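Undergrad:
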Amino acid sequence: MMEDKSNLPELPKSWVWTRLGELCKTTSGGTPNRKRQDYFGGNIPWLKSGELNYNIIRSVEEFITEQGLKNSSAKIIPKGTLLIALYGATVGKLGILGIDAAINQAICAIFTPTYLDKKYLYWYLSTYRNKLLNARKGGAQPNISQQIVKNIILPFPPICEQHRIVTKIEELFTKLDTGVATLKKVKVQLKRYRQAVLKYAFEGKLSEKWRRANKDNIEPADVLLERIKAERKKNAKRKYRQLELPPQK
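Letter by letter, the sequence shown follows residues 14 to 262 of the working numbering.
#1: Between which two residues does the beta strand (DSSP E) holding W30 run?
#2: Classify P45: buried if its beta carbon has 16 or more other beta carbons within 10 angstroms, exposed otherwise.
#3: Determine the direct distance from the alpha carbon of N117 to that of N156, and round the result to whole angstroms.
#4: Does the Cβ of F169 have 16 or more other Cβ atoms within 10 Å, making it buried, or fewer, making it exposed?
#5: On a Cα-Cα basis, can you pick out the residue from F124, T103, G192, A214 that is closest to E64?
#6: Would you check if the region 151-167 and the region 27-34 touch, i.e. whether three or more CB-CB distances between them fall below 8 Å?
#7: Just the Cα atoms here: how many angstroms apart are P233 and W223?
#8: Using the Cβ count rule (16 or more neighbours within 10 Å means buried), how would you classify G151?
#9: Determine the extent of the beta strand (DSSP E) in which N227 is found, giving its start and end residues.
#10: Just to confirm the assignment, what range does the alpha helix (DSSP H) spanning V139 have?
#11: Whole angstroms are fine: how far does the CA of N164 sit from the CA of G105?
#12: Taking contact to mean 3 or more Cβ pairs, one atom from each stretch, closer than 8 Å, check whether the region 74-84 and the region 47-61 are in contact.
#13: Terminal residues of the continuous alpha helix (DSSP H) containing K212?
#14: Tell me, please, which residues DSSP counts as bridged to A122.
#15: If contact is defined by three or more beta carbon pairs under 8 Å, each pair taking one atom from either stretch, is the region 172-184 in contact with the region 110-126?
#16: In the structure shown, what three-state DSSP assignment does K88 receive?
#17: Check whether the Cβ atoms of W59 and A115 lie closer than 8 Å to each other.
#18: Across which residues does DSSP place G108 in a beta bridge pair?
#19: Report yes if the CB atom of K131 is closer than 8 Å to the CB atom of L95, and no otherwise.
#20: Would you report the Cα separation of L21 and L167, rounded to the nearest angstrom?
#21: Assign G111 to one of two classes, buried (16 or more other C-beta atoms within 10 Å of its C-beta) or exposed (fewer than that).
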């Protein structure tokens, strides 16, 4: 996937369109030979692409040994590095290392320079996933390459403005999260309110004022019930004459 810069929207004067590979270095890792038991179960965290889910990686599912690291393309990536998944259903998903860890070949590590805010790039790439999914190639496990990641075009503002953009994004997203939490709380409260309304309705509390205002015109329910019982008893003693059916032709 090689995007064309010619049809891009106009940016503010102090911004410029550029490719990720013009700003950042990238690398991927590898998988030690699964047949070698001595390559696994060590003390080196080893991360797979399926563990990327827009999260900070503080723990991993598997560990490898020094031998596994030396005899494979796996390499240790430092804490704080931005990661993007290259293979399968997780293509385009992101993560940030919260620990030093080795990665497999299905992950691309992106090393951000001092003039590129890592979180700015993270938030931009989070909008890019559908394009990366459409760029996948292959059969059983379609993937994208590091080159596709390097060719991603992004708007590049001055570093101070990048910081400001990140601050505003996170501020607004915090408000959204608070709003969602409030809505969930309101939903629970509304359910309780509905239950309370029904409870009060059938306890006579909702119509209490009406009863006081119309007490002289209301037939008490116990009197009405006795009258209904008497009428039903009276009607039960009646003999209903059988309807005569019309003669068949």
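Don't be surprised by glycine CBs; every beta carbon is placed ideally from N, CA and C. If you're wondering where the values come from, they're calculated on a predicted model, not measured in any experiment.
TA: Let's see:
#1: As a position in the sequence shown, residue 30 is number 17, starting the count at 1. Unbroken beta strand (DSSP E) run through W30: 29-32.
#2: Here residue 45 refers to the residue found at position 32 when the sequence shown is read from its first residue. When all chains shown are included, P45 counts as buried.
#3: As a first step, residue 156 is located in the sequence shown; it is residue number 143 there, counting from the start. As a first step, residue 117 is located in the sequence shown; it is residue number 104 there, counting from the start. The straight-line gap from Cα to Cα measures roughly 14 Å.
#4: By one-based count along the sequence shown, residue 169 stands at place 156. By the neighbour-count criterion, in which a residue is buried when 16 or more other Cβ atoms sit within 10 angstroms of its Cβ, F169 is buried.
#5: To locate residue 64, count along the sequence shown from 1; it is residue 51. Looking only at F124, T103, G192, A214, the smallest Cα-Cα distance to E64 is reached by T103.
#6: The region 27-34 makes contact with the region 151-167; the number of CB pairs closer than 8 Å reaches 3 or more.
#7: Taking the sequence shown and counting its residues from 1, one reaches residue 233 at position 220. Taking the sequence shown and counting its residues from 1, one reaches residue 223 at position 210. If you take the alpha carbons of P233 and W223, they lie about 14 Å apart.
#8: Taking the sequence shown and counting its residues from 1, the one referred to as residue 151 is at position 138. Per the 10 Å Cβ criterion, exposed.
#9: Here residue 227 corresponds to residue number 214 of the sequence shown, with the count starting at 1. Per DSSP, N227 belongs to no beta strand (DSSP E) and is neither H nor E.
#10: Taking the first residue of the sequence shown as position 1, residue 139 is located at position 126. Just to set this straight, residue 139 is Ser in the shown sequence, not Val. Here the alpha helix (DSSP H) through S139 covers 131-139.
#11: As a first step, residue 105 is located in the sequence shown; it is residue number 92 there, counting from the start. As a first step, residue 164 is located in the sequence shown; it is residue number 151 there, counting from the start. So the alpha carbons of these two residues sit roughly 14 Å apart.
#12: yes
#13: Counting from 1 along the sequence shown, the entry for residue 212 is found at position 199. Element bounds for K212: 172-216.
#14: Along the sequence shown, one-based indexing puts residue 122 at 109. T40, L96.
#15: Taking one beta carbon from each stretch, the region 110-126 and the region 172-184 have fewer than 3 pairs nearer than 8 Å; the two do not touch.
#16: Counting from 1 along the sequence shown, the entry for residue 88 is found at position 75. DSSP places K88 in strand when its eight states are reduced to three.
#17: Along the sequence shown, one-based indexing puts residue 59 at 46. Along the sequence shown, one-based indexing puts residue 115 at 102. Less than 8 Å divides the Cβ of W59 from the Cβ of A115.
#18: Residue mapping note: residue 108 aligns to position 95 of the sequence shown, counting from 1. Answer is N68, L96, bridged to G108.
#19: As a first step, residue 131 is located in the sequence shown; it is residue number 118 there, counting from the start. As a first step, residue 95 is located in the sequence shown; it is residue number 82 there, counting from the start. Closer than 8 Å, so yes.
#20: As a working mapping, residue 21 is identified with position 8 in the sequence shown. As a working mapping, residue 167 is identified with position 154 in the sequence shown. Approximately 10 Å, taken between the alpha carbons.
#21: Counting from 1 along the sequence shown, the entry for residue 111 is found at position 98. G111 should be labelled exposed.
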